[in-house]
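Below: the structure, in structure tokens.
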Amino acid sequence: MMRKLLSIVFWFPLMVAAQDEMRIQQAENYIFEGNEAFDALNGVEAEKNYRRAAATGTKTDIARFNMGATLQQDNFVDEALRAYADVTKTTKERPNKHRTFHNIGNALMQIKDYKGAVEAYKNALRNNPNDDETRYNYALAKKMLEDEKQDQDQNDNQDNQDNQDQQNDQNQDQEGENDKEQEGDNQQDKKDESGDEGENEKDEKESDKNDEQDQQGNNEKEQQPPQANPAQLSPQQVQNLLDAMNNEEKKVQDKVNAKKAKAVGTKSKKDW
């Protein structure tokens, strides 16, 4: 019994090794078929085979890298970047890291993410500083990023200038409106002043007329004898006034009587 158990334990690693060899061979076959489809520009078939290879659990870095390259070739950039990101998390070899970051930089250049591409090429050069193609792509990405920044600054300046021009136009329009309002106010003020002058002239004429009438009335009052106000006379003054009037009336009557007597005395003819 012990001998049988030992035999089983002894043969188990050999069986595992045989299964691993089978999966590796299977993965390599899928990768080979995927490469054939890739070269034939059959992206769908190539991607299918690379996914099968990754599913075996072996050669996953190669399978995922090639799948990313296939997706990138067919312009599925986001999916390609996810495949490359998986490779950077699992691969340990510097050459594989260099190639993966290099392709990430190329994919980001496709979508004009120049800042991300610069960082990707930097990581690629950290793993292989002597690759001329990566160094060229890095320099190109930096130049594109600088141009983009310059264009952005120019656009910002242009936007600021446009905003300033628009603000100036609005200010000029407002000044024009203010000038019109001021001109209207000035014209209204002139009308009001003209109206006030007319009213003043009218008031002055009426005042002069009233003054003339008042002056004329005063002159007439000055020419008329003053009249005593009975309410202001004492009883003695009233009596004196009556006596004086009676005396005057008596004198007048005496004169009338004297004239009548004289006329009677001089009559020489008889009346018929």
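Okay, so the sequence shown: first residue is 0 according to numbering that gives the first Met the number 0, each after it adds one.
Positions of the beta carbon are idealized from the N, C-alpha and C atoms, including for glycine.
Going by C-alpha to C-alpha distance, which of Gln-181, Gly-56 and Ala-79 sits closest to Gln-25?
Gly-56
Can you say whether Ile-30 is buried or exposed, counting buried as having 16 or more other CB atoms within 10 angstroms of its CB?
buried
Buried or exposed for Gly-175, going by 16 or more other Cβ atoms inside 10 Å?
exposed
Can you tell me where the alpha helix (DSSP H) with Lys-96 in it begins and where it stops?
93–109
What are the start and end residues of the alpha helix (DSSP H) that includes Thr-89?
76–89
Provide the residue span of the alpha helix (DSSP H) that contains Asn-122, from first to last.
Boundaries of the alpha helix (DSSP H) around Asn-122: 113–126.
When you compare each of Glu-46, Glu-35 and Lys-58 to Met-21 by their alpha carbons, which one comes out closest?
The shortest Cα separation from Met-21 among Glu-46, Glu-35 and Lys-58 belongs to Lys-58.
For Lys-121, tell me which candidate among Ala-79, Asn-105 and Asp-155 has the shortest Cα-Cα distance.
Nearest to Lys-121 by alpha-carbon distance, out of Ala-79, Asn-105 and Asp-155, is Asn-105.
My assumption, with CB atoms under 8 Å, is that Ala-296 sits in contact with Tyr-49. Please give the rounded CB distance.
No answer is possible for residue 296: the residues shown for the chain start at 0 and end at 271.
Delimiting residues of the alpha helix (DSSP H) encompassing Ala-68
59–72
Using only the alpha-carbon positions, how far apart do Val-15 and Ile-23 sit?
With a pLDDT of only 48 at Val-15, under the threshold of 50, the placement of this residue in the model should not be trusted, and no figure is reported.
Ordered along the chain, which non-local residues of its own chain (more than five positions away) have a Cβ less than 6 Å from that of Lys-47?
none
Is it a yes or a no for the segment 73–84 touching the segment 94–112, going by three-plus beta-carbon pairs under 8 Å?
Taking a contact to require three or more Cβ pairs closer than 8 Å, the segment 73–84 and the segment 94–112 qualify as touching.
Distance check for Ala-68 and Val-76, CA to CA, integer angstroms please.
The straight-line gap from Cα to Cα measures roughly 9 Å.
With C-beta atoms as the reference, is Gly-33 less than 8 Å away from Ala-52?
Yes.
Buried versus exposed call for Asp-146 [16 or more other C-beta atoms within 10 Å across all chains shown]:
Exposure of Asp-146 is indicated by the presence of fewer than 16 other C-beta atoms within 10 angstroms of its C-beta.
Same chain, Cβ closer than 6 Å to Asn-154, neighbours up to 5 away in sequence not counted:
none
Under 8 Å between the Cβ atoms of Gln-64 and Val-43?
Reading the sequence as shown, one finds Phe at residue 64 and not Gln. For Phe-64 and Val-43, no; Cβs fall outside 8 Å.
Does the distance between the C-beta of Arg-51 and the nearest non-hydrogen atom of the ligand NAD fall short of 7 Å?
Because no ligand of any kind appears in the structure shown, any question about the ligand NAD cannot be addressed here.
Close Cβ partners of Ala-279 (< 7 Å) along its chain, the five nearest in sequence each way excluded
In the structure as shown, the chain starts at 0 and stops at 271, and residue 279 therefore has no counterpart that could be examined.
Inter-residue spacing [alpha-carbon to alpha-carbon] between Asp-253 and Glu-247:
10 Å
Quick check on the DSSP output: the alpha helix (DSSP H) that includes Ala-54 runs from which residue to which?
42–54
Phe-100 and Ala-84 closer than 8 Å at C-beta:
no
Own chain partners of Asn-156 with C-beta closer than 8 Å, once the 5 adjacent residues on each side are dropped:
none
For Asn-102 versus Asp-60, is the C-beta distance shorter than 8 Å?
no
Classification of Leu-124 by the beta-carbon crowding that lies within 10 angstroms, buried from 16 upward:
buried
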